[in-house]
Each structure stands twice: as C-alpha cells, then as structure tokens.
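S.K.:
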Amino acid sequence: MRIRIICKLFALLAITLMKFVHLHTHSHYSLLDGLAKIDDLIAYAKELGMKALALTDHGNLYGTIEFYKKALKAEIKPILGVETYVAFRTRFNKEPKIDDKYSHLTLLAKNQTGWQNLIQLITKANLEGFYYKPRVDKDLLRKHSNGIIALSGCPSGEIPKLLANNKFEQAEKTAKEYQEIFGSENFFLEIYHHPNIPDISKINDGLIEISKKTNIPLVATQDIHYLKPEDAEYQDILLAVQTGNKLDDNDRLTLKADDFSMRSAEQMIEFFKDLPEAIENTVKIAERCDLTLPLHQILLPNFALPEDKNANQYLKELISERLPQRFPKYADLRGLDADSRGNEIKERLEYELGVIEKTGFADYFLIAQDIVNWAKKRGIRCNTRGSAAGSLLSYILNITDIDPLKYDLFFERFLNPERISMPDIDVDVSDIRRDEIFAYIRQKYGDDHVAQIITFGTMAARAAIRDAGRALGMAYSFCDQLAKLIPFNQKLDESLENVKEFSDLYNNNPDAKKIIDAAKHLEGVARHASVHACGVVISKEPLTQYVPLQRAPKDQNIIITQFEMYSIEDLGLLKMDFLGLKNLTIIEETIRLVKEIKDEEIDISKIPLDDKKTFKLLQAGDTTAIFQLESSGMRRYLKQLKPTEFEDIIAMISLYRPGAIEHIPQYIKRKHKLEKPTYLHPKLEPILKNTYGIGIYQEQMMKIARDLAGFTLAEADILRKAIGKKIKSLLDSQKEKLISGMLKNNIDEKTAKAIWELFPPFARYGFNRSHAACYALIGYQTAYLKAHYPIEFTTSLLNADAGDIERIAFLVSETKKSKIEVL
491 MRIRIICKLF
501 ALLAITLMKF
511 VHLHTHSHYS
521 LLDGLAKIDD
531 LIAYAKELGM
541 KALALTDHGN
551 LYGTIEFYKK
561 ALKAEIKPIL
571 GVETYVAFRT
581 RFNKEPKIDD
591 KYSHLTLLAK
601 NQTGWQNLIQ
611 LITKANLEGF
621 YYKPRVDKDL
631 LRKHSNGIIA
641 LSGCPSGEIP
651 KLLANNKFEQ
661 AEKTAKEYQE
671 IFGSENFFLE
681 IYHHPNIPDI
691 SKINDGLIEI
701 SKKTNIPLVA
711 TQDIHYLKPE
721 DAEYQDILLA
731 VQTGNKLDDN
741 DRLTLKADDF
751 SMRSAEQMIE
761 FFKDLPEAIE
771 NTVKIAERCD
781 LTLPLHQILL
791 PNFALPEDKN
801 ANQYLKELIS
811 ERLPQRFPKY
821 ADLRGLDADS
831 RGNEIKERLE
841 YELGVIEKTG
851 FADYFLIAQD
861 IVNWAKKRGI
871 RCNTRGSAAG
881 SLLSYILNIT
891 DIDPLKYDLF
901 FERFLNPERI
911 SMPDIDVDVS
921 DIRRDEIFAY
931 IRQKYGDDHV
941 AQIITFGTMA
951 ARAAIRDAGR
961 ALGMAYSFCD
971 QLAKLIPFNQ
981 KLDESLENVK
991 EFSDLYNNNP
1001 DAKKIIDAAK
1011 HLEGVARHAS
1021 VHACGVVISK
1031 EPLTQYVPLQ
1041 RAPKDQNIII
1051 TQFEMYSIED
1061 LGLLKMDFLG
1071 LKNLTIIEET
1081 IRLVKEIKDE
1091 EIDISKIPLD
1101 DKKTFKLLQA
1111 GDTTAIFQLE
1121 SSGMRRYLKQ
1131 LKPTEFEDII
1141 AMISLYRPGA
1151 IEHIPQYIKR
1161 KHKLEKPTYL
1171 HPKLEPILKN
1181 TYGIGIYQEQ
1191 MMKIARDLAG
1201 FTLAEADILR
1211 KAIGKKIKSL
1221 LDSQKEKLIS
1231 GMLKNNIDEK
1241 TAKAIWELFP
1251 PFARYGFNRS
1261 HAACYALIGY
1271 QTAYLKAHYP
1281 IEFTTSLLNA
1291 DAGDIERIAF
1301 LVSETKKSKI
1311 EVL
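According to our numbering, the sequence shown is numbered sequentially starting from 491.
Below you can see the structure in the form of structure tokens.
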C-alpha cells in the first residue's frame, strides 16, 4: 500500500516537474550490449534531475523488478518496458536466411494490464518464437496490446528500415497497422538525434512526413546504451567481448559511429527545438504510464487439504500423527502434559503454531513436508540446512533431522514474528536424483505453476581484465599476468589498493592502465544467463501471471523465470532451494550397497550420535570424503581436538572459517583443560559454557541479549541483523537498547559496555548454529558409514568421483593407506 501511494504521488509530481523523459534505455541486462548497471543508471538519472525513466532492455524483462524498486527509492518514476524483436514473418517460421531477420519495437506498460501483457509477450517470444532472438509477431501483439504504449523503435525498427530502403508507402501502411494494433492514442513514431548513423536524416524526414499524413504523434528518444559520452569506448569493448572480436577488426558490430549516452533534458530539448511536440510527448507518455507492482505479498500455492480441514487444522493434525516417530514416549499431542519434557515440547509447538497461524504460512510447511517426505519415502537422501532446523514443527514433520530442543536452536532465527518474511527452507538432495523431485513438484502443482530460477553470471575482476585485454588486442600472456595478481573474490579497486605489484603496473605501464581502466567499467556487468543451482518457484496461479519465462540457455527442455531469486521473493512467490549434494549421493549409495551385499538395513536418521568407532576415526583425522571435515587444516585441528561428542563437530564446522578460525587453538586448549574459560559476567557462563567461554554462534548472541538485557528472541534476531548490516544509526539505537536493558538487570555500566563490545566482532564471524548442526549431521553420517562400512563407502565414493581423474588418483592413494585393495 505504501509503495502504491508513493508511486501515485510521483505521478502527480511528474505533471509539474518533468521537462523530458527517456523512454528508450538499455541496462547491462541487454546482455553484453548495454553497459550501465541499474544502480549507476538510476544514480546518473537522478544527477541529471530526471523525474521518470523507462527501462527497455532487448527482448527481456530481466532487470525490471530491481529497476522498479531502486527507482522508487530514488524518487524517480519507473516506467517498465522492453525493446522487442518482431519476426519478419510469424514467430513460428524458423527458416535460415529468411527468419533470422527481425525488427525492433519499443513497448511500455501503461498499467497492470499492460504489465501482464508484456509478461505474456516476452514469455511467448521465448517459448514459441525464439530463433536467434526471442521474437513476437503482429498476431501476438494484437492479442496482448491492451494497456501498452508502443513506439516505432530505433533505426532497426520495421518502419525506419522501410524508410531507409525508400519504401515510404509501405512504411506509412505499416505505421497505420501498428496504430490499429495498439490504438490511436497508444502508438508513437520514435524520432532520434543520432546524426552519424547512416540514413538517419532520411529516416527522420520520413517519420515526420508520416506523422503529418497520419496524425500519428512523434516522440523523441535517445537510444541509451551507456551513461556518459566518455563511456563509449568501454561500450565498444563490451560489444567486442560479445562478438569475440578485437577493436581493430573490420566489419564488426559497433556503436562508435554516434553517441548513445544518457543526455540531459536540456540537451534533448535543444536537439528537438524544431519538434517541441516530440519532447512534450515523452512527458505525456510518462504521465500515462501508471503502473504499481504489488510487492511483498504472500502468494503461496494452496496445499490440497481434506474437505473438512483448513491449512492450520491439517498442519496440527499431521504434527499429532507424527509426534511419536520423533518422541516415542508421547502417543499424540494430548499426552504432552505427562512430564516436564512433554510440557517443553507442547509449549514450543504452541508458540510455533501460533506464529505460523498469525503469519499465514501453514501452506508453506505443508508443501515443504510433502515434498521432503515424498523424496525420503523413495530413498532420495535429503538434508534441510540453515535456520529451518530451529523449528520443532519442522523436526516433527520430518522436514529436518535435528531436534532443536536438544541442540538449543531458535525458531526466531528461522521465522521472526516481529519481522514477517517468507520462511526459507533449503534442502540438500542427492545430486543424481534432483530431477525426480522437480518432476514430482511439476506433477503435483502443474507445469505452468513451476519453473526453475534464472541467475546471471557477471564479469568478475580477473575475467574483466582478460576480456578487456583481448578486445584491446593486448598479448594474452600480459593480460594473464595482470589477472593473476588479483586475489580471488577481490574487486579491481580493492586490488589497486591492496596489491602493490598490481598498483605499480597500473601507475607505470600505459598498457596495464588501459586494460585496468576498461576492466573497471566491465566489472560487475551481467555477462550471461543460466539456471540457478538450486532455486525453484511454485505459484498459486499460472506463473505467467507474475513472471516472464524462457528456456534455459543450455537446455531447451528446462523452463526458467526471467526474474532472479531476489525479485521472485519481492513478488511474494514461493521459492524453494533443492541443492544437489554429492555427499548425500554417497550416503544413499552406501546404504544401498550395504543392503545388497550384507542384507543390512541402515536407517541413517537413527544412528547413535555418540558412536565410539566414528569418533575414533575423527580423532585420527581420517576424514577423506567426510563432509566439511576433509581439508588438511581441518584434519590437523581434529587430531589436536580429539572430538568426543557431536557438539565438537558443530563447533569445528562453525570455527573453521575466516575470522573465527583464530579461536580454534583456544577452543582446543579449553576442551583439554589447559586453559580456564573466563566470563565478563556470571550470567554469560550458562550461555557460553558449551563452547568453553568462546562466542561461536549467532544464537549465543541472541541468548545474551535475551538473558542479560531482557530482549525477546525476536528482538534479539533484529539486533543480530542490525549488527550484520553495519548501518550506524541502527547500530547506535541497538547499542543503547542493549546497554540500558543490561543496566535494568543490575549489570554495572562498565561491564555492560564491555559486553556490547563483544557483539560487532561476534556478528562478523558468528555462525548460524542451526546451519552448522545440519552440516555436522551429514559430516557425522559420512564418518559413521566410513567407520563401519569402509568397503561400501569407498566404492560409493569412487563411483561418485569417477569423472575426475585427479580426484580418483588421490582417492585410490588414500584407499591403499586404509589397506583396502582397489582392483
């Protein structure tokens, strides 16, 4: 509602404040054709005083949700559109040397109907019309023209191309046809100031003549592909990267003949001073585009329920039925009053169910448990990771396999009743059987309600250096030398600051400077689209009511969304992650082999978590192929630690990461009583005792806020997020709240301030205990199978890595050390 009101206010302000509006704009989502990232595009439009801006990427709606949100935040009215490809004949014709020709047409959504039609057009262009490009045709445009304003397109539009070829009468006829398709008020002839483009004068003169003869209005546009005139050379490098050319190649695709930057309103008014109506029409179109996207709704699919039950009732019924499987002592929910343990379970369940009912997420849990249990019944190994392990309800429903009461995991870390957002249950599955789960979801909810999610590969620093250098015609060896100086996961600006040799080359070598300057403009630009490793979206209504779809670039049988996962979440759609994990395949295959060879049934979810043989293997550091525990550094620490309980594995997985790793030697000393734990206040001891006085988990931070400062766990989770975001105003208010809470609990001011100082570094390296416990369980399960069934485990391991020759050589060597013969 708030976003809707803001958008209406912007529309009203636009009437009095707008002088000119850019209606033809490409971002970096016009893959390897547009240079400007969304943030930069909006920031520069703001700098130029623009009150509205359209986004019209080539043939896709990839960036629209990101653009919409960020433009609103910047107080710029967002106009959502696309520059479509119109088929030469129909979208179904795909004949070589005929149907690889197409023309451009700019479409803008006036309202919600227009937005829905844009989604339909782009989806059908991809699923039905794709031939080199995603193509629409005029039949499709007729069916989905309502709510859309169309502009005749850049010089590659159908009408401009006819004019360039001296076919004025046909161009006029085509203009009337588009006017008939979209309506007399909704079609405009797009005129441009790109004086160096061949035939542009002929095209513009023809457009003006058609406008006079037909009364089809003119509209002035600038075909924006980059922000500033000085960016032209970097845009040219980007195009050379796209086509695999060098800058000095002849007959390559280039825009260097003219300026395709974002011009100011004053410049555009000056360019079109003889056609003031073309400038005025940009404002009129912007005023008529009145689209408000409904974000942050809850659009969960309805789970199929028994006739006499609603979702909350059925959820409670399932919990009562499955309670004995997790807690055999209690036959159903009515028996929980029998003892203190039962009361603890009852109290937690009532709380979780209350939050779920209040937030309306019952269907989410029903959907999740149905998918996970379907998979488990078919022997597909699943492990739910992350904060979902903090839910007792998830444990009873068999979604998770860690008892949150036993391991002190918090529901609020998963679903915070004070900051309601869609729950996030992420599931690891056997990597060779993930497609079976996707097939089940499609069969259950319908093909048109399910899709995998797109992701975008962006140019990282090293790749940007190599690509820029190749396009500039520099020697590969020199580009490679430059690229290798950049530390992994470090940006170019950081490397210039932190890596002396890299910085020296930039300052002293003109070629290095040229490459790095170009790479800085390419860094972060979207390079290609692909399928997200694990994301799948499930919708209540057919997906194309919310999201444009396309085929996966490398597998035409896979349908994916055009919106990445954050945009999917913004729309309120159900996103679930199913990540293929090789370790689960190894567990699954080992269990199968044990059954086949020894006729033994292993229920891996019920193995004892205090098995001596398993801990002996871990203490010896014999952790080849043990999930999360295989690295040489981890082996060294395990030998020193000599773990004796499951808690040690959770701690090691949490500590073996940047920042936290420096605490491992202290943790080991304190476990072996070589150093005594210390606490700033006695109330910290029960919270930090399990980790020998060392803060390891985010949940410990939340507990400190609850037990020492009177926070609720929901408030403590907000504190955790605030510290992680490092927003000063937020930090200051949380600091004040925490210290004043401790003072009220009779903790002196000096100690309270000292305890606060623990929080910022704690937030940097503190780990999600729920996630660590889930991963520790897979680690323990693989260690258990290796300790008890070494032949079957090793066979499964070798089969899983059969395609990796180097890995196989290493595994064979490790296997021989274990005195297992490899034939």
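We put the beta carbon where it would ideally sit given N, CA and C, even for glycine. None of the values given here were measured: they were computed from a predicted structure.
1. Compare the C-alpha of N1258 against each of F904, I671 and L783 and name the closest.
2. Out of I528, I638 and S593, which one is the CA nearest neighbour of L443?
3. Suppose the cutoff is 8 angstroms on Cβ atoms and the five residues either side in sequence are ignored; what does the same chain contact list for A941 look like?
4. Might you give, ordered along the chain, the residues of its own chain that have their beta carbon closer than 7 angstroms to the beta carbon of F658, omitting 5 neighbours on each side?
5. With distances taken from CA atoms, which of N656, K1065 and L545 is nearest L608?
6. Given 8 angstroms as the limit, is there contact between the region 793–803 and the region 846–859, that is, 3 or more CB pairs closer than that?
7. Taking the C-alpha atoms as reference points, what is the distance between G963 and N998?
8. Can you tell me which of H1261, C1264, L1267 and Q1224 puts its alpha carbon nearest to the alpha carbon of E1247?
9. Please confirm whether L899 and G880 have their CB atoms less than 8 angstroms apart.
10. In the DSSP assignment, find the unbroken alpha helix (DSSP H) run with K666 in it and report its ends.
11. Relative to the C-alpha of L1220, which candidate in H1153, S1230, A1242 and I1208 has its C-alpha closest?
12. Out of I846, E811, R1196 and H1162, which one is the CA nearest neighbour of T1181?
13. Could you give the C-beta distance for D748 and N686, rounded to a whole number, given that I count them as a contact under 8 angstroms?
14. Using the beta-carbon count (16 or more within 10 Å), is D891 buried or exposed?
15. Assuming L513 and T711 are in contact, meaning their beta carbons sit under 8 angstroms apart, how far apart are those beta carbons, in whole angstroms?
16. What does the Cβ neighbour count give for S642, buried or exposed, with the cut at 16 atoms within 10 Å?
17. Counting only the same chain and skipping the five closest in sequence on each side, list residues whose C-beta sits under 7 angstroms from that of I886.
18. With DSSP collapsed to three states, give me the class of A501.
19. Would you tell me roughly how many angstroms separate the C-alpha atoms of N1235 and P1176, rounded to the nearest one?
20. On the DSSP bridge assignment, give the partners of F677 in chain order.
21. How many angstroms separate the CA atom of F1117 from the CA atom of H518?
22. Does the distance from the C-beta atom of L1083 to that of D918 stay below 8 angstroms?
23. May I ask you to report which of helix, strand or coil DSSP gives K567?
24. Can you list, in chain order, the residues of its chain with a C-beta nearer than 7 angstroms to that of G1149? Leave out the 5 residues immediately preceding and following it.
25. Under 8 angstroms, do P707 and E662 count as touching if we go by C-beta distance?
26. Judging by CA-CA distance, which residue of K1193, A958 and I927 is the nearest neighbour of D1001?
27. Run through DSSP, which three-state label would V731 get?
28. D721 and S751 look like a contact to me (Cβ under 8 angstroms); what is the Cβ gap, rounded to whole Å?
29. Can you look up F578 in the DSSP assignment and give me helix, strand or coil?
30. Can you tell me where the beta strand (DSSP E) with G947 in it begins and where it stops?
31. DSSP three-state call for I870: helix, strand or coil?
32. Please confirm whether E1091 and K1085 have their CB atoms less than 8 angstroms apart.
33. Give the DSSP-derived three-state secondary structure of C779 in the structure shown.
34. Spatial neighbours of L1313 within its chain, please: C-beta separation below 7 angstroms, excluding the five flanking residues on both sides.
35. Is S444 near G647, with beta carbons less than 8 angstroms apart?
36. For R875, which residues in the same chain have their Cβ closer than 7 angstroms to its Cβ, ignoring the five residues on either side in sequence?
M.R.: The relevant details are as follows:
1. F904
2. Not covered by the structure: residue 443. The range shown for the chain is 491 to 1313.
3. V1026, V1027, L1033, V1037, L1039, I1049, I1050 and T1051
4. G696
5. L545
6. yes
7. 20 angstroms
8. Q1224
9. yes
10. F658 to F672
11. I1208
12. H1162
13. 4 angstroms
14. buried
15. 5 angstroms
16. buried
17. I809, R812, L813 and R816
18. Only weak support is given to the placement of A501: the predicted model assigns it a pLDDT of 48, under 50, and the question is left unresolved by the model.
19. 16 angstroms
20. A640
21. 38 angstroms
22. no
23. strand
24. R1254 and Y1255
25. no
26. A958
27. helix
28. 6 angstroms
29. coil
30. V940 to T948
31. coil
32. yes
33. coil
34. none
35. Only positions 491 to 1313 of the chain appear in this structure, which leaves residue 444 out of reach.
36. D916, D918, H1261, C1264 and Y1265
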